[in-house]
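Residue numbers (the working numbering): 111 to 454.
And the structure:
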């Protein structure tokens with residue numbers, strides 16, 4: 111997965127998570143502020159300060175709203191920081207700006223402000239002052255929204271992307287049918303045997319906050335040796351018995367030139383878009399080299415469950431971790447994120 115593909119996939123995830131109702135509410139506040147002849151004060155720290163400066167230009171030039179940002183006046187900002195302290199710098203600026211009920215304060219911030227955690231405490235003080243003046247507040251924030259989301263009249267929040275454990279099916283969740291050293295899927299629902307450690311391993315990952323997504327190649331459907339209804343019935347049984355959040359399937363064969371047959375990363379990218387998953391913080395667990403390669407191409411850490419299959423491709427396989435079972439894979443991941451008892 112190239113950098114551009116990853117960037118576009120993550121941008122798509124951001125768009126999918128945005129709340130259009132909250133965005134419309136911010137637009138309504140801006141329009142009403144212009145109608146009432148109020149002023150717009152835009153607050154931001156770090157990169158958000160640059161966004162505030164850009165927005166001041168756009169709102170003044172394109173929307174006809176009288177707009178200001180405290181970070182545009184470096185002299186006043188640094189003087190107030192030096193004499194009064196960083197925590198009150200925006201509040202002091204709003205005071206001398208004679209903030210009123212007809213004005214609007216707009217916050218751009220990743221954290222939204224949190225005085226207890228010392229996350230942009232200057233935003234917290236400024237918003238407390240604005241609330242006391244009866245001034246309306248809007249925000250565009252990330253993470254959990256912080257203080258801005260708590261007190262704003264309108265505030266779309268872009269939460270953190272979710273993390274996932276992607277899991278191959280046969281040989282990872284259920285017992286593969288091994289013939290001549292090579293693994294095959296169960297041919298009927300009656301042949302399905304969930305591996306004994308799968309429920310507890312998945313529950314441990316679920317408790318750590320991971321989405322659990324099955325991603326499986328089932329090319330026998332394209333080859334005409336298996337019916338899709340049987341594959342779907344097996345998947346439904348796994349979804350019912352295990353704490354999986356989703357199961358994505360590629361029914362194609364190599365000659366179909368699809369983007370979803372592992373080692374291509376299409377299934378993982380599709381799941382990331384559907385569920386808002388940060389691939390770089392996620393993991394792929396599989397028992398074949400194609401699983402490992404799909405995870406690597408998607409930008410995930412990849413763990414190989416080595417069952418000792420007699421097949422080519424494993425020699426050139428470079429997993430981030432190699433284990434013997436799903437429970438060991440779960441322990442490896444928990445250790446990797448600092449939730450286990452050791453270091454992988």
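In this text, a Cβ means the ideal position worked out from N, Cα and C, and glycines have one as well. The model shown is predicted, which means the values in this text are computed figures rather than measured ones.
Nearest candidate by alpha-carbon position, reference residue i, set the options
{"i": "residue 444", "options": "314, 131, 244, 172", "result": "314"}
{"i": "residue 173", "options": "281, 148, 343, 222", "result": "148"}
{"i": "residue 274", "options": "420, 351, 391", "result": "391"}
{"i": "residue 145", "options": "175, 132, 135, 158", "result": "175"}
{"i": "residue 303", "options": "263, 267, 316, 352", "result": "352"}
{"i": "residue 346", "options": "293, 430, 284", "result": "284"}
{"i": "residue 281", "options": "418, 122, 243", "result": "418"}
{"i": "residue 307", "options": "155, 118, 441, 255", "result": "441"}
{"i": "residue 288", "options": "116, 430, 421, 141", "result": "421"}
{"i": "residue 356", "options": "334, 260, 325, 398", "result": "325"}
{"i": "residue 427", "options": "293, 414, 438, 301", "result": "414"}
{"i": "residue 365", "options": "439, 396, 330, 318", "result": "330"}
{"i": "residue 249", "options": "221, 319, 231, 448", "result": "221"}
{"i": "residue 320", "options": "182, 120, 177, 449", "result": "449"}
{"i": "residue 155", "options": "113, 291, 233", "result": "233"}
{"i": "residue 208", "options": "376, 240, 334, 247", "result": "240"}
Under the three-state DSSP convention, the category residue i falls into
{"i": "residue 130", "result": "helix"}
{"i": "residue 218", "result": "strand"}
{"i": "residue 395", "result": "strand"}
{"i": "residue 454", "result": "In this prediction, residue 454 scores a pLDDT of 37, lower than 50, which makes its location untrustworthy; the coordinate-derived value is nonetheless stated afterwards. In this structure, residue 454 counts as coil in the three-state DSSP scheme."}
{"i": "residue 298", "result": "coil"}
{"i": "residue 85", "result": "Limits of the chain in this structure are 111 at one end and 454 at the other, which puts residue 85 out of reach."}
{"i": "residue 251", "result": "strand"}
{"i": "residue 387", "result": "strand"}
{"i": "residue 367", "result": "coil"}
{"i": "residue 192", "result": "helix"}
{"i": "residue 345", "result": "helix"}
{"i": "residue 223", "result": "coil"}
{"i": "residue 117", "result": "helix"}
{"i": "residue 288", "result": "strand"}
Cβ-Cβ distance between residue i and residue j below 8 Å
{"i": "residue 201", "j": "residue 225", "result": "no"}
{"i": "residue 436", "j": "residue 409", "result": "no"}
{"i": "residue 214", "j": "residue 199", "result": "no"}
{"i": "residue 253", "j": "residue 269", "result": "yes"}
{"i": "residue 162", "j": "residue 141", "result": "no"}
{"i": "residue 272", "j": "residue 131", "result": "no"}
{"i": "residue 362", "j": "residue 374", "result": "no"}
{"i": "residue 166", "j": "residue 152", "result": "yes"}
{"i": "residue 122", "j": "residue 276", "result": "no"}
{"i": "residue 359", "j": "residue 336", "result": "no"}
{"i": "residue 150", "j": "residue 216", "result": "yes"}
{"i": "residue 251", "j": "residue 219", "result": "yes"}
{"i": "residue 381", "j": "residue 323", "result": "yes"}
{"i": "residue 395", "j": "residue 439", "result": "yes"}
Beta-bridge partners of residue i, as assigned by DSSP
{"i": "residue 173", "result": "Beta-bridge pairing links residue 173 to no other residue."}
{"i": "residue 277", "result": "324, 395"}
{"i": "residue 264", "result": "248"}
{"i": "residue 432", "result": "414"}
{"i": "residue 360", "result": "327"}
{"i": "residue 444", "result": "DSSP lists no partner for residue 444."}
{"i": "residue 153", "result": "217"}
{"i": "residue 229", "result": "224"}
{"i": "residue 272", "result": "387"}
{"i": "residue 379", "result": "DSSP lists no partner for residue 379."}
{"i": "residue 178", "result": "151"}
{"i": "residue 293", "result": "288"}
Residue i, buried or exposed, once every other Cβ within 10 Å from all chains shown has been counted against 16
{"i": "residue 453", "result": "A caution first: residue 453 carries a pLDDT of 37, below 50, which makes its placement in the model unreliable, though a value can still be read off. Exposed."}
{"i": "residue 299", "result": "exposed"}
{"i": "residue 384", "result": "exposed"}
{"i": "residue 403", "result": "buried"}
{"i": "residue 192", "result": "exposed"}
{"i": "residue 138", "result": "exposed"}
{"i": "residue 350", "result": "exposed"}
{"i": "residue 126", "result": "exposed"}
{"i": "residue 118", "result": "exposed"}
{"i": "residue 124", "result": "exposed"}
{"i": "residue 393", "result": "buried"}
{"i": "residue 397", "result": "buried"}
{"i": "residue 296", "result": "buried"}
{"i": "residue 244", "result": "exposed"}
{"i": "residue 223", "result": "buried"}
{"i": "residue 341", "result": "buried"}
{"i": "residue 114", "result": "exposed"}
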